[in-house]
Each structure stands twice: as C-alpha cells, then as structure tokens.
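Q: The sequence shown runs 1279 to 1621 under the numbering used here.
Built from N, CA and C at the ideal position, the CB exists for glycine as well.
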Amino acid sequence: MVAVKAHEAERTLAKPDPAWRLFLIYGPDTGLVSERAAALARANVDDANDAFQLVRMSGDDIASDPLKLVDEANTIGLFGGRRAIRVSATGKLLTAAVEPLLATPSRDAIVIIEAGDLQRSNPLRVACEKARSALAVPCYSDGARDLGSLIDEMLRAAGKTIDRVNRDHLAALLGGDRQTSRREIEKLLLYVGSDPAVLSEHIEAVVGDTAQREQAALVDAVFAGRLPALDLAYAKLSGEGLDPGVMLGAVLRQALTLLKSRQSVDAGRGVKDVVATMRLPFPRIPAMEAALSAWTTPKLTEAISLLGAATLAVRRDGDIARPAAVRTLWTLARLGRSGARGD
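1. Determine the extent of the beta strand (DSSP E) in which Ile1391 is found, giving its start and end residues.
2. From the DSSP output, which residues share a beta bridge with Thr1439?
3. So Ala1409 and Ala1367 are in contact, right, with Cβ under 8 Å, and what is the actual spacing, rounded?
4. Kindly confirm or deny that the stretch 1433 to 1451 and the stretch 1471 to 1486 touch, where touching means at least three C-beta pairs closer than 8 Å.
5. Which residues share a DSSP beta bridge with Met1556?
6. Asp1386 to Val1333, Cα distance in whole Å?
7. Using C-beta distances below 7 Å, list every residue in its chain close to Ala1581, excluding the 5 sequence neighbours before and after it, in chain order.
8. In terms of alpha-carbon separation, which member of Leu1371, Glu1377, Phe1330 lies closest to Arg1361?
9. Take the Cβ of Gly1465 as the centre, count every other Cβ of all protein chains shown within 10 Å, and call the residue buried at 16 or more, exposed below.
10. If we ignore side chains and look at the alpha-carbon of each, how far apart do Leu1318 and Leu1291 end up?
11. Can you give me the C-alpha to C-alpha distance between Arg1531 and Ala1315, rounded to a whole angstrom?
12. What three-state label does DSSP hand Val1485 in the structure shown?
13. Under the DSSP definition of a beta bridge, which residues are partnered with Arg1364?
14. Would you mind stating whether Pro1416 and Gly1309 have Cβ atoms separated by less than 7 Å?
15. Which residues in the same chain as Ala1284 place their Cβ atom closer than 6 Å to its Cβ, once the five residues preceding and following it in sequence are excluded?
16. How long is the line joining the alpha carbons of Gly1546 and Ala1341, rounded to whole angstroms?
17. Please classify Ile1303: does DSSP put it in a helix, a strand, or coil?
18. Let me know the secondary structure DSSP gives Pro1561 once reduced to three states.
19. Count the other C-beta atoms from every protein chain shown that fall within 10 angstroms of the C-beta of Asn1400, then say buried if there are 16 or more, exposed otherwise.
20. I believe Glu1462 touches Leu1452 by the beta-carbon criterion, under 8 Å. Please report the beta-carbon distance rounded to the nearest angstrom.
21. Since Pro1416 sits in a beta bridge, which residues does DSSP pair it with?
Right under this line is the structure:
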C-alpha cells in the first residue's frame, strides 16, 4: 500500500520512487492539487512545452472512454524521451480507466490524475493506495507553517525581505487555497515595487479586504458567544456605514454553512475534517471548529429562523433596522455562549 500523509507530500514528491508510474493527487485545495500536478509533470519530461512529451487529457473524456488513457499511456513517443500524461479532475468515475494501468504500468510514461476531495472509501483512491505502482497524494488547505514557507519562497525569489511579525500577519490574511494565496502575494509584490522589504503598510493596503475581515470578526463573535467582541465589531461596522441588514445577512450565511457542516458531523465526519474543506483563512479555522462543535442542528435551525425573521423585519421597516439587528445578534451570541459552556 502506497499512500502518504498530507505533511509528507512535498518531501515524497521531491524524490518519487521510480516504481510509481501513476500518481493520484487529490484534495479540497484545488490550487495545491494543480500546483503539485504541474510540478510533477515538469520534473518528469525534458520539455514541458512539447505536447508530445507532456500530454493533457480531460477526465470527462476518459470517463466516457476508459481505453483512451490506456492507449495514450502505452503509446511510444515518436522521438523517444520521457513522457507524462496529466488528467484533469472530473466528477465521474475513472476506476475503469486506471485499473488496467495499475495492473500493467506504463514503462514509457507516468500518469498524473488530478481529483477533488475523495473520501477514504472512494474506489479510485482505494485502488491507487493499494497498488505498488501508484502513489496517492492528499492536498489539504495550507496551515500557518505551509503559508510561511510559501511566503518565504516567493519573497526570496523576488529579492525581498520581511520581518517575522509582518510575515505572520501576512500569513494570517491568506486563505487555505494555494493558488489564491500565490495571487495575493504576487499582487503584494507588484505593489511593493522597488522597495527592498515588505512592510505592514504594504500588506494592509493590498492583501485582503478590511471590511470583510471586520464582518468575519462579527460573525465569529456571534457564534462564539463573545459579547464584548460582538459589540466592538458591530460598532466598527456601523461607524463605517454598513447596513444592519448586511450584517444579518453575513451571520445568516454563516449559520447556513454551519448547519450543512453540522449535518456532515452528525453523519459521522470529524469536525476538523469538515472544516478543512472550507478554505478558510488560517486564523478563522479554530473559531469555525469551535462553533461547529458547540452549535447543534436544532440550535442552528433556531438561529436561522431568528435571522430570517429579523432580516425580513429590517427590510420592511428601516426605522427598526438597527435595534432589531442588535437584539437578534445579542440573542444569538447568548445561545453561542451557552453552547460554548456546554449548557
């Protein structure tokens, strides 16, 4: 059985066993899946721009005709040399196309299959993890250490420096998706221009959205039952002129997300596993895990009902918008506080 843990993936892919001829790269972080598949493909051909060496295939097409992948993998290149086949992600089953290659691996090409978040029981994942000639590589959202490494790598390549405080601050603003994080850092480097170091003012001016962060603070305070933090976040957003209905909408969206996630937990999935699929900024992950643990399905259903009624009332009568929003948010925060205490 050949499977690696998420934290072992980078090291394993840097020096893959020559016996591995098929790689399944899967997980909720589609950006990281794509990045690792591209890097693996480049490392296994002499010229990644040569369409005869690096062949791209559609997962949907292969699912419709499984023999396409087998035929391509067993095709001998006209000019010899190493070959790689990169298969795009699909929601359809690819087991029929993969099993012949697991039984008789290609000698002339490696096959790289990209996939989304596959459960442990998924037939494709099971088949690849059991085969000696395949490697299954999970790709989960970046944590603080991964983001720090990404920041160091990109800033070093750009010839820039950053101190530890600003590095940690930047990591806290980035999300869990690798490609999105890269784009944010690239945007930051363009803004920094010829300055030798990345400073806090650069980060605040470019990365993330202050209003969105303050809304996130409000939402997290509600579901954690932190009344002082709720008061502070509400005061900031009100001072910036944000409509109370918008605040209620943000909390309602979170309640709906939590309800859907809570149903997955009730069905047997772990809280950390569910939260890992959400692509949250790293600092929000503990808050989401705590909320998902504290809020039961009945409590979330009650919260959604309260928020729906309050949102409707605010839309009907603007004069009561502010007191109605405050009353609803405080009511929910008290529910969150009781859940946090286990009452």
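A: Working from what's here:
1. Working through the sequence shown from its first residue, we reach residue 1391 at position 113. In the DSSP annotation of this structure, the continuous segment of the beta strand (DSSP E) that includes Ile1391 starts and ends at 1387 to 1393.
2. For the purposes of this step, residue 1439 is taken as residue 161 along the sequence shown, with counting starting at 1. According to DSSP, Thr1439 bridges with Ala1475.
3. Within the sequence shown, numbered from 1, the residue matching residue 1409 stands at position 131. Within the sequence shown, numbered from 1, the residue matching residue 1367 stands at position 89. Contact flag wrong, Cβ pair sits at about 20 Å.
4. Short answer: they touch.
5. Here residue 1556 refers to the residue found at position 278 of the sequence shown. DSSP lists no partner for Met1556.
6. For the purposes of this step, residue 1386 is taken as the residue at position 108 of the sequence shown. For the purposes of this step, residue 1333 is taken as the residue at position 55 of the sequence shown. Between Asp1386 and Val1333, the C-alpha separation is close to 13 Å.
7. Within the sequence shown, the letter at position 303 stands for residue 1581. Listed in chain order, the non-local C-beta contacts of Ala1581 below 7 Å within the same chain comprise Ala1533, Leu1610, Leu1613, local neighbours out to five positions each way being set aside.
8. The count along the sequence shown starts at 1 and reaches residue 1361 at position 83. The residue with the shortest Cα to Cα distance from Arg1361 is Phe1330.
9. Translated into positions along the sequence shown, residue 1465 becomes position 187. Gly is not the amino acid found at residue 1465; the sequence shown has Lys there. Result: exposed.
10. Here residue 1318 corresponds to residue number 40 of the sequence shown, with the count starting at 1. Here residue 1291 corresponds to residue number 13 of the sequence shown, with the count starting at 1. When rounded, the distance between both Cα atoms is 7 Å.
11. Taking the first residue of the sequence shown as position 1, residue 1531 is located at position 253. Taking the first residue of the sequence shown as position 1, residue 1315 is located at position 37. Inter-residue distance for Arg1531 and Ala1315 is about 33 Å (C-alpha atoms, whole angstroms).
12. Numbered from 1 along the sequence shown, position 207 holds the residue referred to as residue 1485. DSSP places Val1485 in coil when its eight states are reduced to three.
13. Counting from one through the sequence shown, the residue named residue 1364 turns up at place 86. Answer is Arg1334, Ile1390, bridged to Arg1364.
14. Your numbering for residue 1416 matches position 138 in the sequence shown. Your numbering for residue 1309 matches position 31 in the sequence shown. Against a cut-off of 7 Å, the Cβ pair of Gly1309 and Pro1416 comes out as no contact.
15. Translated into the one-based positions of the sequence shown, residue 1284 becomes position 6. The answer, listed in chain order, is Pro1416, Tyr1418.
16. Your numbering for residue 1546 matches position 268 in the sequence shown. Your numbering for residue 1341 matches position 63 in the sequence shown. Distance from the CA of Gly1546 to the CA of Ala1341, rounded to the nearest whole angstrom, comes to 30 Å.
17. Residue 1303 sits at position 25 when you count from the first residue of the sequence shown. For Ile1303, the three-state secondary structure derived from DSSP is strand.
18. By one-based count along the sequence shown, residue 1561 stands at place 283. Reduced to three states, the DSSP call for Pro1561 is coil.
19. As a position in the sequence shown, residue 1400 is number 122, starting the count at 1. Burial state of Asn1400 is buried, judged by a 10 Å Cβ sphere holding 16 or more other Cβ atoms.
20. On the sequence shown, residue 1462 is found 184 positions in, with the first residue counted as 1. On the sequence shown, residue 1452 is found 174 positions in, with the first residue counted as 1. Taking C-beta atoms under 8 Å as the contact rule, Glu1462 and Leu1452 qualify, at a distance of about 6 Å.
21. Here residue 1416 is taken as the residue at index 138 of the sequence shown, counted from 1. Bridge partners of Pro1416: Tyr1304.
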